[in-house]
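Here the structure is laid out as structure tokens; the discussion comes afterwards.
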Amino acid sequence: MMKKAAVFYHVWAPENSVSWCLLIDEQIKNLIQAGLRHNARIFCCINSKQGEVIRQYISQYNFIEIIEISEDESQYEAFTLKHLFDFCNKNKEYEYVMYFHTKGIRHFSQTRDLSVIKNVNSWRRFLEYGTITKWRDCVTMLQSHDVAGINFHMHPREHFQGNFWWATSKYVRSLEHPLSKSFADESFCHPEQINRVSCEMWIGSGKPNWFSIYNYPFGIGNGSDNFDLYGNDIFPYFLHNSF
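Residue numbering for the sequence shown follows my numbering, beginning at 1441 and increasing consecutively.
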């Protein structure tokens, strides 16, 4: 029997857009298709000015537990990470947790550059493959690792680039609260991005024993390791790699 697992889904969507419903519906259907609906508790936090209508939409899937809705977007993804952290500390019978979010929704809703939309969607599918589709592999690797997922990077600090991952609850309990301090600084990101990037750096802040199914092919583009990698469409690499 599989040990207990929980999934935390961070939902953000910009104001005055309805494109979010397509992305959210696809991500939820991915959870169902992968079998996570019946193998984990699924929690959702909605952090958006459109919170109420998003709640109505997600509530059509009655297996998803919505635990907080807020229009205050100042905490970025830590809005959901704080619930994941608290859950691990209060429910020690749960061995594993997964985190993912509405990756790329800002681009889909606001960007006019069609190549960016195409490229970002490839990255989202790449991240979902490594955590949702391959969740059983991640859980297996958590028998001997603290964290597991896809696209792990050592620089500028240890993190899963894109911020989709699995972790043991024990490891999460060893971390500082995600809102206790900033886990990013101006040495590697713009001051206006620190709070957002901090959320991505949090999971690696405890120097975990990590496992990554696959990292993006450094041969494409200029091989830079920054936070806006989406100038390239990785789908051909993703599609033809056996993982």
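For every residue, glycine included, the Cβ atom is placed at its ideal position computed from N, Cα and C.
None of the values given here were measured: they were computed from a predicted structure.
For residue i, which of the options has the nearest alpha-carbon?
i	options	result
Q1601	C1578, T1608, G1589 and G1475	G1589
W1452	E1466, R1477 and C1485	C1485
Y1536	I1482, G1544 and K1469	I1482
L1573	K1530, E1466, H1617 and N1531	The amino acid occupying residue 1573 in the given sequence is Thr; Leu does not appear at that position. Of the candidates K1530, E1466, H1617 and N1531, the one whose C-alpha sits nearest the C-alpha of T1573 is E1466.
F1527	H1630, E1632, F1623 and V1447	V1447
K1647	H1599, P1631 and S1627	H1599
H1617	D1577, P1454 and G1644	G1644
E1640	I1468, F1519, E1505 and S1510	F1519
I1653	Q1633, S1620, R1576 and R1546	R1576
Can the beta-carbon of residue i be found closer than 9 angstroms to that of residue j?
i	j	result
T1571	F1548	no
N1487	Q1515	yes
I1545	Y1501	no
Quick check on the burial criterion: 16 or more other C-beta atoms within 10 angstroms. Buried or exposed for residue i?
i	result
V1458	exposed
Q1490	buried
N1559	buried
N1499	Contrary to the premise, residue 1499 reads as Ser rather than Asn in this sequence. Exposed, because fewer than 16 other Cβ atoms sit within 10 Å of the Cβ of S1499.
S1664	With a pLDDT of only 45 at S1664, under the threshold of 50, the placement of this residue in the model should not be trusted; the figure read from the coordinates follows. Per the 10 Å Cβ criterion, exposed.
R1565	buried
K1443	exposed
S1562	buried
L1521	buried
D1586	buried
G1475	exposed
E1455	exposed
S1638	buried
Y1449	buried
E1513	exposed
I1463	The residue asked about is misnamed: residue 1463 is Leu in this sequence, not Ile. When all chains shown are included, L1463 counts as buried.
N1591	buried
M1538	buried
Ends of the alpha helix (DSSP H) at residue i?
i	result
M1594	Unbroken run through M1594: none, as it is neither H nor E.
K1522	A1518 to K1530
I1643	Neither: I1643 is in no alpha helix (DSSP H) and is coded neither H nor E.
S1614	S1609 to S1614
For the beta strand (DSSP E) containing residue i, name the first residue and the last one.
i	result
V1447	K1444 to V1451
N1487	R1481 to N1487
I1674	It is not in any beta strand (DSSP E) - I1674 carries neither H nor E in the DSSP assignment.
S1652	W1650 to S1652
Exercise. Three or more C-beta pairs closer than 8 angstroms, one from the region 1580–1589 and one from the region 1605–1624: is that the case here?
Worked result: yes
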